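Notes follow the structure.
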Amino acid sequence: MTTGLASKLQKNGAHREKGKEVGEGGNGTRFWQKYKFSLTESLFREDLLWLALTNIHRPNRADEDSCPSPQYYFTDVAHSKDLVNGLKFLRQDEDLCDVVLRVGNISISAHKVVLAASSPYFKAMFAGSLSESQQDTVTLQELDEHAMETVVDFFYSGEIEISENNVQDLLPVTCLLQVKSLQQACCEFLKRQLSSENCLGIGAFADRHNCGDLVTMSESFARHHFIEVVQGEEFMEISAQQLTRLLSDDDLNIQSEERVFEAALAWIKFDSDVRQEFATEILSYVRFPFLSAEFLMDRVATEEIVRNNRACCDFLLEATECHLLPKRKSQLHSQRGAPRKPTTVNHAMYAIGGMSRREASKSGEKYDPRERKWKTIGNMNICRWGAAVGALGPFLYICGGSDDASRLETVERFDPFTNVWVPSVPMSSSRNGVGVTAGSGRIYAIGGFDGSMPLNTAEYYDPKVGKWTEIARMNQCRFGVGCAVLHNMVYAVGGSDGTNLKTVERYDPDRNTWKMVAPMSTARKQVGVATLGGFLYAIGGCDHGHRYDTVERYDPCKDEWVNVAPMSTPRSGCGVGVLDGFIYVVGGYDGTSYLSSVERYDPLSNEWHAAPPLSQPRDCVAVCVASCRRTFGNKRLFETSPNRMPPV
1 MTTGLASKLQ KNGAHREKGK EVGEGGNGTR FWQKYKFSLT ESLFREDLLW
51 LALTNIHRPN RADEDSCPSP QYYFTDVAHS KDLVNGLKFL RQDEDLCDVV
101 LRVGNISISA HKVVLAASSP YFKAMFAGSL SESQQDTVTL QELDEHAMET
151 VVDFFYSGEI EISENNVQDL LPVTCLLQVK SLQQACCEFL KRQLSSENCL
201 GIGAFADRHN CGDLVTMSES FARHHFIEVV QGEEFMEISA QQLTRLLSDD
251 DLNIQSEERV FEAALAWIKF DSDVRQEFAT EILSYVRFPF LSAEFLMDRV
301 ATEEIVRNNR ACCDFLLEAT ECHLLPKRKS QLHSQRGAPR KPTTVNHAMY
351 AIGGMSRREA SKSGEKYDPR ERKWKTIGNM NICRWGAAVG ALGPFLYICG
401 GSDDASRLET VERFDPFTNV WVPSVPMSSS RNGVGVTAGS GRIYAIGGFD
451 GSMPLNTAEY YDPKVGKWTE IARMNQCRFG VGCAVLHNMV YAVGGSDGTN
501 LKTVERYDPD RNTWKMVAPM STARKQVGVA TLGGFLYAIG GCDHGHRYDT
551 VERYDPCKDE WVNVAPMSTP RSGCGVGVLD GFIYVVGGYD GTSYLSSVER
601 YDPLSNEWHA APPLSQPRDC VAVCVASCRR TFGNKRLFET SPNRMPPV
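End of the sequence shown = 648 in full-length UniProt numbering, gap-free, step of one.
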């Protein structure tokens, strides 16, 4: 028995010592070092052997054969990584490579077994009876050479960098090679890049490559951001099939059916010679009975495409009957008689303060696009003209201005649920002719006039901390400046530093820096500014006593301004708001009179139309658009009660 056990221990010791040598630097070695367990050095020492013999159970001879022999199970957790690294080094040195992939102008050396293990496409090619299995050079057609090289590198490393520059080339390669994990990674990247400017293109791209989840998410994004999507260049390029899927959806996020009609019409007119044949089908998805009677008569009935199409005339007649006999709407059997689901976040536009009848006003009014009416809201605590207003969720913050006696640094906050203005935290400087805009949960107050000089200072208010924080100074002083946020950047447009300005600068909140961008073609003080569809609009304003009706549009991708259709009335000191895909220009001064008139710009048709006027004239009026709901983002706002007052 002693000899047999010693023999087993000797064999075990030799085996374990061998394992130590082979696994030098690996996890096996660390195990032995940790426990300092090496039998070879003392295997034949009598004291250790005796210790082993006296501490190991010696079974009876009868059950000796049934007693299990000592075993040790070892798992090298680094094995997979070491194996992959080993294969990668073999490929780098071109050792044992047995195939060359020719793609475009490059050749990619690899191992068939690695390609087959990584891709079902290559497995079918090399492990089956295809001729390529016997070839050492394989040519792949119509694939991006750099994308293929990147994917093969991924096979040998398990790592890849996906970016805007390569994802469109990578996805077709991953689909062909059936690399599901990499295909999903590309789709996940594209999901994170979805925006109103690219969701339609990404959806079409995903559809071509059978990426169902990405198609679904892209279409959902387009439905939810329909108003912004139809302003983009991609919208005009989509197929009739894509458009019908979009317009037919009950979940289309709109405030009025007018926007659907205008979008459908703009798509047809973009290439009318070719798309005229789709007019009946496309317009059949517009729910005409839900268009207002005024819009049906003033816009739809006068449209040439509708008048020259028998089916469209029937749609118009059907809608007219529904307005005359409202019960008819519920009796319609077509989709046109069914309302879309109320998925939209309702918004309203506010016009606050300003000069009215040669004195500053403390009154305000709210425009509801559904009712197409302005309604009076609660008065501010003091009169203000030359102030500006921004909104965070449903709450309005009006900043600065003048009460005729002095320039103001005070701020008031409006709660639409109580219809009350309350004082908020004042700014660090008095600012008349200030520019105000909201972005990323902040209210920005930019430039203005403090009573002695124009300002180049700027600051923001964060309601979470309840204080104003100064930011970097602009490159130029500006009062009568227009401001807006586009792509998370804050723009300061025109104004005056004593001389009226055509210059424009952009603030980057991440870097706390201002940068000059392309100037406008015209100097504009008291200019109205808005963003829509990825563009920045500069509207009206004045220079040397001359009021403008002209409008310029800035493209941040091209860093250039272009002229668009002019307003019907020249105006400076007007307020501007974006509602349901239209730009509204409110009040102002035409050089002779304070204005109560309102105009609405449709970027799809590049036309201005009259909108319901204010209840009274307002020059240097503060205008903004705010949510009408008690939710802001995904968080529910406070319920208005005496016991739960929010910070102001």
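The C-beta atom is built at its ideal place from N, Cα and C for all residues, glycine as well.
These numbers were taken from a predicted model, which means no experiment stands behind them.
Item: Would you grab the beta carbon distance between GLN255 and ASP580 for me? Rounded to a whole angstrom, and I think it's under 8 Å.; Value: 4 Å
Item: Tell me the rounded alpha-carbon separation between GLN276 and LYS269.; Value: 8 Å
Item: Assuming CYS383 contacts GLY353 under a Cβ cut-off of 8 Å, what Cβ separation, rounded to an integer in Å, is found between them?; Value: 7 Å
Item: In angstroms, rounded to a whole number, what distance separates the CA positions of GLY498 and LYS464?; Value: 36 Å
Item: Skipping 5 residues on each side, what residues in its chain have a beta carbon closer than 8 Å to that of THR244?; Value: GLU281, ILE282, TYR285
Item: If you compare alpha carbons, which of GLN92, GLU132, PRO613 is closest to LYS373?; Value: PRO613
Item: Counting Cβ pairs closer than 8 Å, one from the segment 555-574 and one from the segment 524-531, do we hit at least three?; Value: yes
Item: With distances taken from CA atoms, which of MET520, MET516, VAL598 is nearest TRP561?; Value: MET520
Item: Can you name the start and end residues of the alpha helix (DSSP H) that ALA319 belongs to?; Value: 310-324
Item: How long is the line joining the alpha carbons of LEU247 and LEU194, rounded to whole angstroms?; Value: 20 Å
Item: Could you please give me the residues that DSSP links to GLY386 through a beta bridge?; Value: Paired residue(s): none; GLY386 is not in a bridge.
Item: I'd like the list of long-range same chain contacts for ASP403, defined as Cβ closer than 7 Å, with 5 residues on each side in sequence excluded.; Value: ALA360, ILE382, CYS383, ARG384
Item: Rounding to the nearest angstrom, what Cα-Cα distance links GLU505 and MET567 in this structure?; Value: 25 Å
Item: With burial defined as no fewer than 16 other Cβ atoms inside 10 Å of the residue's Cβ, what is the status of TYR72: buried or exposed?; Value: exposed
Item: Quick check on this structure: which residue in LEU296, GLY435, ASN105, GLY86 has the alpha carbon closest to the alpha carbon of CYS97?; Value: GLY86
Item: Using DSSP bridges, identify the partner residues of ASP602.; Value: GLU607
Item: Scan the segment 517-571 and note each continuous beta strand (DSSP E) run of 3 residues or more that stays entirely inside, going in chain order.; Value: 528-532, 535-539, 551-555, 560-564
Item: Can you name the start and end residues of the beta strand (DSSP E) that ARG442 belongs to?; Value: 442-446
Item: Per DSSP, which one or two residues make a beta bridge with PRO172?; Value: In the DSSP output, where bridge partners are listed per residue, PRO172 has none listed.
Item: On the DSSP bridge assignment, give the partners of ASP580 in chain order.; Value: In DSSP, ASP580 forms no bridge with anything.
Item: Where does PRO339 land, buried or exposed, given buried means 16+ other C-beta within 10 angstroms?; Value: exposed
Item: Where PHE44 and GLY158 are concerned, what is the direct C-alpha to C-alpha distance, given to the nearest angstrom?; Value: Note on PHE44: pLDDT 39, under 50, position unreliable in the model; no value is reported.
Item: Does the segment 128-140 come close enough to the segment 178-194 to have 3 or more Cβ pairs within less than 8 Å?; Value: no
Item: DSSP three-state label for TYR156, please.; Value: helix
Item: Assuming ASN105 and GLU149 make a contact with CB atoms under 8 Å, what is their CB distance in whole Å?; Value: At roughly 11 Å, the Cβ-Cβ gap does not stay under 8 Å, so ASN105 and GLU149 are not in contact.
Item: Specify the secondary structure class of GLU41 as computed by DSSP and reduced to three states.; Value: Annotation note: pLDDT 41 at GLU41 (below 50); position unreliable, no value reported.
Item: With the cut-off set at 8 Å, would you say ASN198 and GLU234 are in Cβ contact?; Value: yes
Item: Hey, how far is the Cα of TYR601 from the Cα of ILE108?; Value: 56 Å
Item: Name the DSSP bridge partner or partners of GLY439?; Value: ARG442
Item: Can you give the beta carbon distance from TYR367 to MET349, rounded, assuming they're within the 8 Å contact cut?; Value: 4 Å
Item: Would VAL114 be called buried (16 or more neighbouring beta carbons within 10 Å of its own) or exposed?; Value: buried
Item: Might you give, ordered along the chain, the residues of its own chain that have their beta carbon closer than 8 Å to the beta carbon of GLN33, omitting 5 neighbours on each side?; Value: Reliability fails at GLN33, whose pLDDT of 34 lies under 50, so the model's placement of it is uncertain and no value is given.
Item: On the three-state DSSP scale, how would you describe LEU423?; Value: Here residue 423 is Pro; the residue named in the question, Leu, does not match the sequence. Strand, per DSSP.
Item: Examine the Cβ distances between the segment 473-484 and the segment 406-425 and report whether three or more of them are shorter than 8 Å.; Value: no
Item: Which same chain residues, not among the five before or five after VAL551, have their C-beta less than 8 Å away from its C-beta?; Value: TYR537, ALA538, ILE539, GLY540, ASN563, VAL564, ALA565, PRO566, MET567, TYR601
Item: State whether the segment 115-130 contacts the segment 74-94, with contact taken as three or more CB pairs (one from each stretch) at a distance under 8 Å.; Value: no
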